[in-house]
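Put into structure tokens, the structure is as follows:
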């Protein structure tokens with residue numbers, strides 16, 4: 001997968017280089033202007049996974065030069081062209097519509113990849129209403145529900 005810079009009305013999705021990803025995982029955010037509460041544990045977990053698997057780490061979510069979150073995929077697309085989206089915003093920046101804007105922009109960028117036919121978000125906790133709303137506002141549809149989680153897809 002290749003991640004290109006994406007600019008929306010309020011956000012910039014900036015590709016994360018391997019060197020920057022390694023620094024963030026090691027607790028060094030000096031190469032970026034980190035917003036309050038970023039990086040969070042999920043950031044480092046996702047970057048570690050990308051580095052371990054050797055795939056591109058994804059995007060930094062930037063507002064006015066400040067990193068407020070991150071976004072990436074859980075590996076390469078599968079044989080059917082499905083790729084799983086993962087994202088997170090620091091708590092200080094939630095509730096402002098950034099999540100919906102981020103999900104929409106990331107999904108559109110991923111869909112432009114020649115080997116991607118569908119973008120999915122699996123196992124979203126039911127109680128994570130902000131994330132679920134962001135997916136739904138970006139056009140994702142529910143594909144599976146159980147007692148704890150909801151999964152989504154965008155064709």
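Numbering (UniProt numbering), first residue to last: 1 to 155.
Glycine residues also receive a C-beta, built at the ideal position from the N, C-alpha and C atoms.
Residue 55 places its beta carbon 8 Å or farther from that of residue 88. Of 130, 151 and 80, the smallest CA-CA separation from residue 140 is found for 151. Straight through space, the alpha carbons of residue 67 and residue 93 are spaced by roughly 10 Å. Per DSSP, the continuous beta strand (DSSP E) segment holding residue 121 begins and ends at 118-125. Excluding its 5 nearest sequence neighbours in each direction, residue 35 has C-beta neighbours in its own chain below 7 Å: 66, 67, 68, 90, 92 and 93, listed in chain order. Note that the C-beta distance between residue 135 and residue 103 is below 8 Å. Taking the C-beta atoms as reference points, residue 83 is found nearer than 8 Å to residue 116. Distance from residue 73 to residue 1 at the Cβ level is roughly 6 Å; contact confirmed, criterion being Cβ atoms closer than 8 Å. Contact between residue 130 and residue 99 holds: their C-beta atoms lie close to 6 Å from each other, under 8 Å. Apart from sequence neighbours up to five positions away, the residues of its chain that approach residue 47 with a beta-carbon distance below 7 Å are 21, 24, 25 and 57, ordered along the chain.
For the 8 Å CB-CB criterion, residue 107 and residue 85 form a contact.
A straight line joining the alpha-carbon of residue 95 with that of residue 125 spans about 17 Å.
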